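Engineer: In full-length UniProt numbering, the protein residues as written are 316 to 683.
For each residue, glycine too, the CB sits at the ideal point set by N, CA and C.
In this text, all values refer to a predicted model and were calculated from it rather than measured experimentally.
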Ligand code: G6P
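Next up, the structure:
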């Protein structure tokens, strides 16, 4: 086992640091001459373009990856996207139609709830697409078509490199579906060049490792951690909080910054640590005003911003700032999650918990 971990202490740590490579293998051979080639979808692109709705279905981190993709899939395809946690779709027996494209996202391809939701969508006549890391998995066999994320084997129970590769696959899927639209051509080209730059930006952001370790040591005794995001990075807030909760065994919640005044603001004091994601995109000025409001209530803030924006988000210099490289706005979640993965990892080690086998959790939940 130690041989497989190489120079790392834990699989989760290794998998976090592998991301420049796993993102490269996810894209390998799929982006050529400004076009996206996804062999597994080719025959079905016309049907997908004609569908009335895309429904994303998954559990845990895979659900969060789909949520991170939702906005750009809508933007690039013009098709409305709805989100379903697999177990909730089953509980509600929610409507799925023949005109739907149901996209199932699962690292293992074996999660029981996701597979049951697949059976349900097949019965209802939807076109079913699988996005998985596992060749030959039940998900890849039972769906009509799909895309392998090719992130390499993931062993740590907490999913890390699969998350970023899932988002990249969904970006490529959105580009392929929308490739017949002239109005979004410039946008698509910008995203494709953003995809090419992701591995080097992931390497850059991994240099925050020791900074995240230091941040973790300042949070080691906290009881709770909030993460505020919005827009493209609402999913980052949910996924960052999920990482902290599942491995560091610390209560953590990801929240819509836009919902702050509808409850969470009551929790704010000098002690509760709050991470605010405020990297550059169309929501930036709204996040600046969220920061002001939290500071006027003496909130203990940790602000994630784009490189060079430290003074724009932290004019009084009173907060801890995490500066990350700026990439195309819709791909920013791929970069922004990495410091939060590192934070969760270091918090877990410092708190003395099992990194790769968190209490009560399994890598793949194959029973209902
Ligand atoms: C379990 C794992 C999570 C994972 C989720 C969905 O809860 O601990 O890390 O995100 O299952 O798994 P899947 O294989 O379907 O992506």
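Check whether the Cβ atoms of residue 307 and residue 635 sit closer than 8 angstroms, and answer yes or no.
Structural biologist: Lying outside 316 to 683, the shown extent of the chain, residue 307 is not represented and no answer is given.
Engineer: Hey, could you find the ends of the alpha helix (DSSP H) residue 506 is sitting in?
Structural biologist: Start and end: 500 to 521.
Engineer: Spatial neighbours of residue 343 within its chain, please: CB distance less than 8 angstroms, with the 5 preceding and 5 following residues excluded, ordered by chain position.
Structural biologist: Here the set comprises 465.
Engineer: Who are the Cβ neighbours of residue 306 in its own chain at under 8 angstroms, not counting the five residues just before and after it?
Structural biologist: In the structure as shown, the chain begins at 316 and stops at 683. Residue 306 is therefore absent and cannot be evaluated.
Engineer: Evaluate residue 345 with the Cβ neighbour count: other Cβ atoms within 10 Å of its Cβ, from every protein chain shown; 16 or more gives buried, anything less gives exposed.
Structural biologist: That one is buried.
Engineer: Could you give the DSSP three-state label for residue 570: helix, strand or coil?
Structural biologist: Residue 570 falls in the strand class under three-state DSSP.
Engineer: Do you know offhand how far residue 566's Cα is from residue 391's?
Structural biologist: Cα to Cα, residue 566 sits roughly 36 angstroms from residue 391.
Engineer: Please report the distance separating the alpha-carbon of residue 614 from that of residue 604.
Structural biologist: Those two C-alpha atoms are separated by around 13 angstroms.
Engineer: Which residue marks the beginning of the beta strand (DSSP E) containing residue 590, and which one marks its end?
Structural biologist: Start and end: 588 to 593.
Engineer: Since I believe residue 535 is in contact with residue 658 (beta carbons under 8 angstroms), could you give me their beta-carbon distance rounded to a whole number of angstroms?
Structural biologist: About 11 angstroms; that fails the 8 angstroms criterion.
Engineer: Taking its Cβ as the centre, do 16 or more other Cβ atoms sit within 10 Å of residue 341, making it buried, or is it exposed?
Structural biologist: Looking at its Cβ environment, which holds 16 or more other Cβ atoms inside 10 Å, residue 341 is buried.
Engineer: Buried or exposed: which applies to residue 544, given that a residue is buried once 16 or more other Cβ atoms fall within 10 Å of its Cβ?
Structural biologist: Answer is buried; the Cβ neighbour count reaches 16.
Engineer: Looking at residue 679 and residue 429, is the spacing between their C-beta atoms short of 8 angstroms?
Structural biologist: Contact: no.
Engineer: Going along the chain, which unbroken runs of the beta strand (DSSP E) with 3 or more residues stay wholly within the region 359 to 403?
Structural biologist: 368 to 373 and 396 to 400, all fully within the region 359 to 403.
Engineer: Does DSSP put residue 407 in a helix, in a strand, or in coil?
Structural biologist: If DSSP states are grouped into helix, strand and coil, residue 407 belongs with the helices.
Engineer: Could you compute how far the alpha carbon of residue 489 sits from the alpha carbon of residue 329?
Structural biologist: Spanning the two alpha carbons is a distance of roughly 29 angstroms.
Engineer: What is the rounded straight-line gap between the Cα of residue 654 and the Cα of residue 523?
Structural biologist: Going from the Cα of residue 654 to the Cα of residue 523 covers about 7 angstroms.
Engineer: What first and last residue would you give for the beta strand (DSSP E) that runs through residue 619?
Structural biologist: Run containing residue 619: 615 to 621, per the beta strand (DSSP E) assignment.
Engineer: Can you check whether the CB of residue 555 is closer than 8 angstroms to the CB of residue 598?
Structural biologist: In this structure, residue 555 does not lie closer than 8 angstroms to residue 598 by Cβ.
Engineer: For residue 422, verify whether its CB is less than 7 angstroms away from any heavy atom of ligand 1.
Structural biologist: Yes; taking the cut-off as 7 angstroms, the Cβ of residue 422 has a heavy atom of ligand 1 nearer than that.
Engineer: Report the option in 570, 644 and 611 whose CA atom is closest to the CA atom of residue 620.
Structural biologist: Comparing Cα-Cα distances from residue 620 to each of 570, 644 and 611, the minimum goes to 644.
Engineer: Is the region 409 to 418 close to the region 506 to 520, with three or more CB pairs under 8 angstroms?
Structural biologist: No, because fewer than three Cβ pairs between the region 409 to 418 and the region 506 to 520 fall closer than 8 angstroms, the two stretches do not touch.
Engineer: For residue 408 and residue 436, I'd like the C-alpha separation in whole angstroms.
Structural biologist: Each residue's Cα considered, the two are about 10 angstroms apart.
Engineer: Would you tell me roughly how many angstroms separate the C-alpha atoms of residue 525 and residue 439, rounded to the nearest one?
Structural biologist: Going by the C-alpha atoms only, they are around 50 angstroms apart.
Engineer: Could you check what DSSP says for residue 541 in three-state terms: helix, strand or coil?
Structural biologist: Reduced to three states, the DSSP call for residue 541 is strand.
Engineer: Regarding residue 677 and ligand 1, is the C-beta to nearest heavy atom distance less than 7 angstroms?
Structural biologist: Flag set: Cβ of residue 677 near ligand 1.
Engineer: For residue 352, does the count of other Cβ atoms within 10 angstroms reach 16, so buried, or fall short, so exposed?
Structural biologist: Classification of residue 352: exposed, given that the 10 Å Cβ count is below 16.
Engineer: Can you list, in chain order, the residues of its chain with a C-beta nearer than 7 angstroms to that of residue 640? Leave out the 5 residues immediately preceding and following it.
Structural biologist: Within the same chain, residue 640 has close Cβ partners 516, 519, 520, 622 and 650.
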